[in-house]
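Asks: Numbering (UniProt numbering), first residue to last: 1 to 172.
(1) For residue 177, which of 29, 10 and 25 has the nearest alpha-carbon?
(2) Taking residue 108 as the reference, which of 42, 55 and 25 has the closest Cα?
(3) Could you name the residues of the same chain whose beta carbon sits closer than 6 Å to that of residue 113, not counting the 5 residues immediately before and after it, in chain order?
(4) Starting from the Cα of residue 23, find the closest Cα among 34, 31 and 9 and give me that residue.
(5) Assuming residue 39 contacts residue 123 (C-beta within less than 8 Å), just tell me the rounded distance between them.
(6) For residue 110, which residues from the same chain have a beta carbon less than 7 Å from its beta carbon, with the 5 sequence-adjacent residues on both sides left out?
(7) Sort 105, 126 and 118 by Cα distance to residue 152 and report the nearest one.
(8) Go through its chain and collect everything with a Cβ distance to residue 137's Cβ below 6 Å, but skip five positions before and after it.
(9) Going by C-alpha distance, which of 4, 139, 125 and 27 is nearest residue 12?
(10) Does residue 173 pass the burial test, meaning 16 or more other C-beta atoms within 10 Å, or should it be called exposed?
(11) Who are residue 145's beta bridge partners in DSSP?
(12) Would DSSP call residue 124 helix, strand or coil?
(13) Expressed to the nearest angstrom, what Euclidean distance is found between the alpha-carbon atoms of residue 103 and residue 129?
Shown next, in the form of structure tokens:
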């Protein structure tokens, strides 16, 4: 498995500590965890990490939406190519204007609550766990999760036939 740390947006996927992740395909490895429940419980810490953030965007492009949601380029490419399906608040990425004469704005609220991490400095791997690693099914192990909620609320207005704006991306 790779030693590089990654930050990956869940986008509705069910990440849990100890779960295996394959960065080559941007997907979780189902049914496999590197450690049992007892080890995870003993080695997991939880710290409060409260934050709130509000942002507004008047652009409707996939680029601006992914920037608004802090989605990295590799994950955006996987979404755009259909490699991954998004759920939860990330469904906003699929939302598009319905009419040419429509102006749109998106309000986004993001709140974080806690950070759970597994302290793996003194955890040893048994033979079964080493076999899972040797199989090469995963490139990474989930060792930390920041719990957050993101709410993206797109709003639109039909500019009608007599609108004075010529530019499709302008708003009001």
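For each residue, glycine too, the CB sits at the ideal point set by N, CA and C.
Replies: In brief:
(1) Outside the displayed span of the chain (1 to 172) sits residue 177, for which this structure offers no information.
(2) Along the chain shown, read from residue 1 onward, the residue named residue 108 stands at position 108. The shortest Cα separation from residue 108 among 42, 55 and 25 belongs to 55.
(3) Numbered from 1 along the chain shown, position 113 holds the residue referred to as residue 113. So the qualifying residues of the chain are 147.
(4) Numbered from its first residue, the chain shown carries residue 23 at position 23. For the residues 34, 31 and 9, the minimum Cα distance to residue 23 belongs to 9.
(5) Taking the chain shown and counting its residues from 1, one reaches residue 39 at position 39. Taking the chain shown and counting its residues from 1, one reaches residue 123 at position 123. Contact holds; Cβ gap of about 7 Å.
(6) To locate residue 110, count along the chain shown from 1; it is residue 110. If we look at residue 110 and ignore the five residues flanking it on each side, its Cβ neighbours are 53, 148 and 150.
(7) Here the question's residue 152 lines up with position 152 in the chain shown. For residue 152, the nearest C-alpha among the options comes from 105.
(8) Working through the chain shown from its first residue, we reach residue 137 at position 137. If we look at residue 137 and ignore the five residues flanking it on each side, its Cβ neighbours are 29.
(9) What you label residue 12 is simply residue 12 of the chain shown in a count that begins at 1. Nearest option by C-alpha distance: 27.
(10) In the structure as shown, the chain begins at 1 and stops at 172. Residue 173 is therefore absent and cannot be evaluated.
(11) Counting from one through the chain shown, the residue named residue 145 turns up at place 145. 116.
(12) Numbered from its first residue, the chain shown carries residue 124 at position 124. DSSP places residue 124 in coil when its eight states are reduced to three.
(13) Within the chain shown, residue 103 is the residue found at index 103, counting from 1. Within the chain shown, residue 129 is the residue found at index 129, counting from 1. Distance between the alpha carbons of residue 103 and residue 129 is about 53 Å.
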